[in-house]
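> Encoded as structure tokens, here's the structure I'll be asking about.
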Amino acid sequence: MDSKARDEGPGPDELRGRQGLEKLRALTHLFDQAFGIPGTKWRFGLDALFGLVPGLGDVMGAVVAVYALHVARQLRAPGVVQMNMLSNIAIDALVGTVPLIGDIFDFVFKAQTRNLALLDEWIGTPQTTVRRSKRGLLLLPIAIVTVFAVLTILGVWMLFIFFSWLMSLASGAP
132 MDSKARDEGP
142 GPDELRGRQG
152 LEKLRALTHL
162 FDQAFGIPGT
172 KWRFGLDALF
182 GLVPGLGDVM
192 GAVVAVYALH
202 VARQLRAPGV
212 VQMNMLSNIA
222 IDALVGTVPL
232 IGDIFDFVFK
242 AQTRNLALLD
252 EWIGTPQTTV
262 RRSKRGLLLL
272 PIAIVTVFAV
282 LTILGVWMLF
292 IFFSWLMSLA
302 SGAP
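Reminder that position 23 of the sequence shown reads as 154 in this note's numbering, one-by-one numbering, no gaps.
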């Protein structure tokens, strides 16, 4: 938020954004934290359950993510904070495409909870959050390259194992 907007008080979009933030808080709880596993501190929500149906979890996650970005825009969150939110969504979507691993990742990563926490942090300490978001965005390309490198190495390794198996079948060896 710029100082001019703070001096004039909240505008109608920002007031709607604050109301939207409360709705987002309830939706995020339902989506990521609604149910607890007895005897543990682990919580999960409808996202983990929707994720068990191919495609449904991705669509529902996208709906909540778009709403969170809409609320951030209404609150006039800086672009760098919104980009950080988008990176959380992108990471969740990217890893979510991997069967089973994506479901486990959803259970742990909780992109919606991270984005809500980011908005709450920005409202409480705007300068600190903007600085941290900038640092996080600088590290994002490194993380993306690392993930793709690991996936490439795993893919090559799996191909090697597959072709070794095919060669053993062709040669008649067990």
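A virtual CB, placed ideally from N, CA and C, is assigned to each residue, including glycine.
Is it a yes or a no for the region 286-303 touching the region 191-210, going by three-plus beta-carbon pairs under 8 Å?
no
> DSSP state of S134, grouped into three classes?
By one-based count along the sequence shown, residue 134 stands at place 3. Low local confidence applies: a pLDDT of 45 at S134 is under 50, so the model's placement there is unreliable, and no value is given.
> Which two residues bound the contiguous alpha helix (DSSP H) that contains Q213?
Walking along the sequence shown from the start, residue 213 turns up at place 82. Residues G210 to G227.
> Return helix, strand or coil for R174, following the three-state DSSP convention.
Here residue 174 corresponds to residue number 43 of the sequence shown, with the count starting at 1. Three-state result, R174: strand.
> For G192, report the span of its alpha helix (DSSP H) as first-last.
Start at 1 with the first residue of the sequence shown, and residue 192 comes out as number 61. It spans L187 to Q205 - the alpha helix (DSSP H) in which G192 sits, taken as one unbroken run.
> For F175, does the count of other Cβ atoms within 10 angstroms reach 16, so buried, or fall short, so exposed?
Position 44 of the sequence shown, counting from 1, holds the residue named residue 175. Label assigned to F175: buried.
> Roughly how many angstroms lie between the CA atoms of M216 and P169, to the nearest whole one?
Taking the first residue of the sequence shown as 1, we reach residue 216 at position 85. Taking the first residue of the sequence shown as 1, we reach residue 169 at position 38. Approximately 31 Å between the Cα atoms of the pair.
> Mind the definition here: the region 228-235 touches the region 196-214 only if three or more C-beta pairs lie below 8 Å; say whether that holds.
The region 228-235 vs the region 196-214: no contact.
> Would you tell me roughly how many angstroms separate the C-alpha atoms of T256 and L290, rounded to the nearest one?
Translated into positions along the sequence shown, residue 256 becomes position 125. Translated into positions along the sequence shown, residue 290 becomes position 159. C-alpha separation (whole angstroms): 49 Å.
> Pick out whichever of V195, T171 and K172 has its Cα sitting closest to the Cα of F181.
Taking the first residue of the sequence shown as 1, we reach residue 181 at position 50. Among V195, T171 and K172, the Cα nearest to that of F181 is on V195.
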